[in-house]
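Student: Just so you know, we're using numbering that gives the first Met the number 0 here: the sequence shown kicks off at 0 and counts up by one.
Virtual Cβ for every residue (Gly too), placed ideally from N, Cα, C.
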Amino acid sequence: MRDKIAIITDIHGNSSALKAVLDHIDQDTDIKHIYCLGDLIAIGHETNEVLEMLFSRKDISFVKGNHDEDILNILAGHKSTGFQNKIEHHDWIASRIEREFLPALASIPMTRYETINGKNFLFVHYHLNVEEKFLPIDERPTALELDTLYGDSNIDVVCFGHHHIVHHFKSKKRLYINPGSLGCNHSPLAPYATLKVGNSGQIDVSFIEVPYDNKEFLLAYEQLNVPAKDFILKVFHGNQHFR
Numbered sequence: 000m001r002d003k004i005a006i007i008t009d010i011h012g013n014s015s016a017l018k019a020v021l022d023h024i025d026q027d028t029d030i031k032h033i034y035c036l037g038d039l040i041a042i043g044h045e046t047n048e049v050l051e052m053l054f055s056r057k058d059i060s061f062v063k064g065n066h067d068e069d070i071l072n073i074l075a076g077h078k079s080t081g082f083q084n085k086i087e088h089h090d091w092i093a094s095r096i097e098r099e100f101l102p103a104l105a106s107i108p109m110t111r112y113e114t115i116n117g118k119n120f121l122f123v124h125y126h127l128n129v130e131e132k133f134l135p136i137d138e139r140p141t142a143l144e145l146d147t148l149y150g151d152s153n154i155d156v157v158c159f160g161h162h163h164i165v166h167h168f169k170s171k172k173r174l175y176i177n178p179g180s181l182g183c184n185h186s187p188l189a190p191y192a193t194l195k196v197g198n199s200g201q202i203d204v205s206f207i208e209v210p211y212d213n214k215e216f217l218l219a220y221e222q223l224n225v226p227a228k229d230f231i232l233k234v235f236h237g238n239q240h241f242r
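In structure tokens form, the structure reads like this:
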């Protein structure tokens with residue numbers, strides 16, 4: 000008997016990519032549950048479509064990302080922080096979000112612990128300090144560094160996102176998995192991961208990329224005049240709209 004879960008993260012307001020992945024997951028009847036590791040919104044402009052799709056399902060558990068947190072802070076009356084493009088973009092996202100989604104978004108925890116077939120899982124957007132603040136991104140992490148960070152905790156598997164590339168580290172202490180950003184990619188592919196946890200403690204990991212049509216999504220940055228659109232299209236989508 001094996002329990003199988005799906006891991007998605009960093010959707011970033013891209014409903015076309017999200018729909019493609021959820022449709023792909025739904026074809027696998029062995030998948031028992033989906034864990035979403037934050038940054039549901041911002042960068043992408045399809046905020047309400049993404050939240051409607053996610054919150055309408057009963058088989059997804061969430062943790063909060065830094066962009067989710069930033070938008071909630073703006074809506075709570077706090078001023079945006081960071082560079083000007085980020086401030087303008089986040090203010091624009093906050094102004095367009097449907098208020099009906101805010102209670103669900105605000106209720107998302109920073110961390111989630113689960114025991115799956117005897118294995119202890121931590122789900123988190125990114126590694127946290129003792130004050131539950133996100134640590135700076137480590138561009139070249141190693142299993143040894145991650146083991147030092149998590150110490151002698153009884154966590155067997157750490158699932159995280161935030162850094163948009165795939166991570167797959169296995170040490171003597173635990174397994175570390177980041178499936179990569181579902182919504183931000185330099186090609187029309189939406190990644191996610193599945194984990195099968197066996198009764199004997201074995202864990203099978205699969206990284207999956209789902210093709211989807213992102214043309215309308217990319218063109219809408221210009222049509223909607225999304226703040227910081229040039230920066231976003233270059234850095235997070237590799238200027239695919241020019242190809």
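DSSP puts residue 41 in a beta bridge; with which residues?
Tutor: 43
Student: In chain order, what residues of the same chain have a beta carbon less than 7 Å from the beta carbon of residue 179, not counting five sequence neighbours either side?
Tutor: Within the same chain, 163, 164, 165, 190 come within 7 Å of residue 179 by CB-CB distance, once the 5 residues on both sides are set aside.
Student: Could you give the C-beta distance for residue 110 and residue 121, rounded to a whole number, given that I count them as a contact under 8 Å?
Tutor: 7 Å
Student: Quick check on this structure: which residue in 213, 227, 39, 207 has the alpha carbon closest to the alpha carbon of residue 27?
Tutor: Nearest C-alpha to residue 27: 207.
Student: Report yes if the C-beta distance between residue 187 and residue 153 is below 8 Å; otherwise report no.
Tutor: no
Student: Considering only the alpha carbon of each residue, which of 7, 38, 58, 49 lies closest to residue 31?
Tutor: 58
Student: Count the other CB atoms within 10 Å of the CB of residue 125; is the residue buried (16 or more) or exposed (fewer)?
Tutor: buried
Student: Name the one or two DSSP bridge partners that residue 168 has.
Tutor: 175
Student: Select from 3, 25, 49, 24 the residue whose C-alpha is nearest the C-alpha of residue 182.
Tutor: 49
Student: Determine, using beta carbons only, whether residue 97 and residue 65 come nearer to each other than 8 Å.
Tutor: no
Student: Below 8 Å on the Cβ atoms is my guess for residue 85 versus residue 52; work out the distance and round it to an integer in Å.
Tutor: With 8 Å as the limit, residue 85 and residue 52 do not qualify as a contact, their Cβ atoms being about 25 Å apart.
Student: For the beta strand (DSSP E) containing residue 204, name the first residue and the last one.
Tutor: 202 to 210
Student: In three-state terms, what does DSSP make of residue 79?
Tutor: Assigned with DSSP and collapsed to three states, residue 79 falls in coil, not helix or strand.
Student: Please tell me whether, using a cut-off of 7 Å, the distance from the CB of residue 89 to the nearest non-hydrogen atom of the ligand PLP is below it.
Tutor: Looking at this structure, you won't find the ligand PLP or any other ligand, since it has none at all.
Student: Between which two residues does the beta strand (DSSP E) harbouring residue 194 extend?
Tutor: 188 to 197
Student: State the Cα-Cα distance for the pair residue 74 and residue 55, rounded to the nearest angstrom.
Tutor: 22 Å
Student: Would residue 224 be called buried (16 or more neighbouring beta carbons within 10 Å of its own) or exposed?
Tutor: exposed
Student: So is residue 36 buried or exposed if we call it buried at 16+ other beta carbons inside 10 Å?
Tutor: Residue 36 should be labelled buried.
Student: At 3 residues or longer, what runs of the beta strand (DSSP E) sit wholly inside the stretch 125 to 156?
Tutor: none
Student: Using a 10 Å radius around the Cβ and a threshold of 16 neighbouring Cβ atoms, would you call residue 241 buried or exposed?
Tutor: exposed
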